[in-house]
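Residue numbers (this note's numbering): -5 to 147.
Notes follow once the structure below has been shown.
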Amino acid sequence: MTWSDKLKFDHLSYYPIELNYRFKGKIDRYILDILNPEYYATFLTNKGTKKRYIRYGQFCFTLHYKEYVLQIYKSMLSDMLFIPFKDKTNGKTTEPGGRYLDAEILFPGYETTIDFNMAYNPSCAYNDKFICVIPPEENSLNLEIRAGEKKFK
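This is the structure:
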């Protein structure tokens, strides 16, 4: 944030909580050998650099009678799952570059909850000095996700 942004800043803006954007289910886990080139996903960042994550699996959900799939990734430094995504609200009511979700792995059975009400903006939305991954094309949803954090400006 610039100093003028900080002076004007009052609060973050969110969509109202909508339970229809919360999904419980099983992660279809990828079982890949570390030597397999498909084990890692390499993301481009807003700075033109690359960042590597482990391909963890995929999560299927149904919204408005249509099935969608999100690819799930895991940092090598964290136990949390990472889901960068884009949707049709980007650039309108949410950040142009997409948003992120985090999720926990619930054992046994690789179950988790994907809650779009918890979607948040990348840190580079607030300060361009941060490095943020650009959501992959495979996680571009062809619908509006009117849940979670809205754009900052």
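Ideal placement from N, C-alpha and C gives every residue a C-beta, glycine not left out.
To which residues does DSSP link Ser134 through a beta bridge?
Walking along the sequence shown from the start, residue 134 turns up at place 140. Note: Ser134 sits in a beta bridge opposite Lys80.
Tell me which same chain residues have a C-beta within less than 7 Å of the C-beta of Val127, skipping the five on either side of it?
For the purposes of this step, residue 127 is identified with residue 133 of the sequence shown, where counting begins at 1. Result list for Val127: Phe37, Thr39, Lys45, Pro78, in chain order.
Per DSSP, the bridge partner or partners of Leu95
Numbered from its first residue, the sequence shown carries residue 95 at position 101. Leu95 pairs with Ile77.
One or two residues paired with Lys60 in a DSSP bridge:
The residue labelled residue 60 in the question sits at position 66 within the sequence shown. For Lys60, which the question treats as bridged, DSSP gives the partners Leu57.
Using CA atoms only, rank isn't needed, just tell me which of Leu13, Tyr120, Asn133 is closest to Lys144.
For this step, residue 144 is matched to residue 150 along the sequence shown. For Lys144, the nearest C-alpha among the options comes from Tyr120.
When we look at the beta-carbon of Lys80 and count the other beta-carbons within 10 Å, is it buried (16 or more) or exposed?
Mapped onto the sequence shown, residue 80 falls at position 86. Counting Cβ neighbours within 10 Å, Lys80 comes out buried, since at least 16 surround it.
Using only CA atoms, which one of Gly92, Leu71, Arg49 lies nearest to Ile25?
Taking the sequence shown and counting its residues from 1, one reaches residue 25 at position 31. Minimum Cα distance to Ile25 is reached at Arg49.
In terms of alpha-carbon separation, which member of Glu105, Glu98, Glu138 lies closest to Lys68?
Numbered from 1 along the sequence shown, position 74 holds the residue referred to as residue 68. Per the C-alpha coordinates, the member of Glu105, Glu98, Glu138 positioned closest to Lys68 is Glu98.
Among residues of its own chain, excluding the 5 on either side of Asn111, which ones have a beta-carbon nearer than 7 Å to its beta-carbon?
Counting from one through the sequence shown, the residue named residue 111 turns up at place 117. Around Asn111: Ile11, Glu12, Tyr15, Arg16, Ala141, Gly142.
Which one or two residues does DSSP pair with Thr107 in a beta bridge?
For this step, residue 107 is matched to residue 113 along the sequence shown. Paired residue(s): Lys18.
Measure the C-alpha to C-alpha separation of Asp96 and Gly42 and round it to an integer number of angstroms.
Residue 96 sits at position 102 when you count from the first residue of the sequence shown. Residue 42 sits at position 48 when you count from the first residue of the sequence shown. For the pair Asp96 and Gly42, the Cα-to-Cα distance works out to about 23 Å.
When the Cα atoms are used, what is the spatial distance from Ile125 to Ala35?
Numbered from its first residue, the sequence shown carries residue 125 at position 131. Numbered from its first residue, the sequence shown carries residue 35 at position 41. When only Cα atoms are considered, Ile125 and Ala35 end up about 17 Å apart.
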